[in-house]
Amino acid sequence: MTSISKARTLKEIAEFWDTHSTADYWDQTYEVEFEIRAPRRRRVTVDPEVYEQIEKQARQRGLLPETLINLWLVERLQASSA
5 MTSISKARTL KEIAEFWDTH STADYWDQTY EVEFEIRAPR RRRVTVDPEV
55 YEQIEKQARQ RGLLPETLIN LWLVERLQAS SA
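My numbering puts the sequence shown at residues 5 to 86.
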């Protein structure tokens, strides 16, 4: 349970802070330090014409272009290692 919101789940915490301002609880807060270990990303350049086609196909599938590219790459890598 969190000390301010009294929430027991992440969903309850999110709902609380969606409807409350931290300004109203500032005197109940304290500074903390923590480390976030995000996965490292690499960038690859793509020709603009190719990217336009990828964007179009991604939109049709309801995906972000980056997600579609990653799916395609995984499929290709799996196929080539089989």
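Each residue gets a CB set at the ideal place from its N, CA and C atoms; glycine is no exception. Small disclaimer: the values here were computed from a predicted structure and weren't measured.
- Put simply, of A86, S84, V50 the residue whose alpha carbon is nearest the alpha carbon of P69 is V50.
- Take S7, set aside five residues on each side of it, and no residue of its chain has a beta-carbon closer than 6 Å to its own.
- No Cβ-Cβ contact shorter than 7 Å links L77 with A62.
- Sequence-distant partners of V48 (beyond 5 residues in either direction) whose C-beta falls short of 6 Å from its own C-beta are missing from its chain.
- In this structure, I17 keeps its C-beta atom at 7 Å or more from the C-beta atom of S25.
- When the beta-carbon positions are compared, F20 and A27 stay at least 7 Å from each other.
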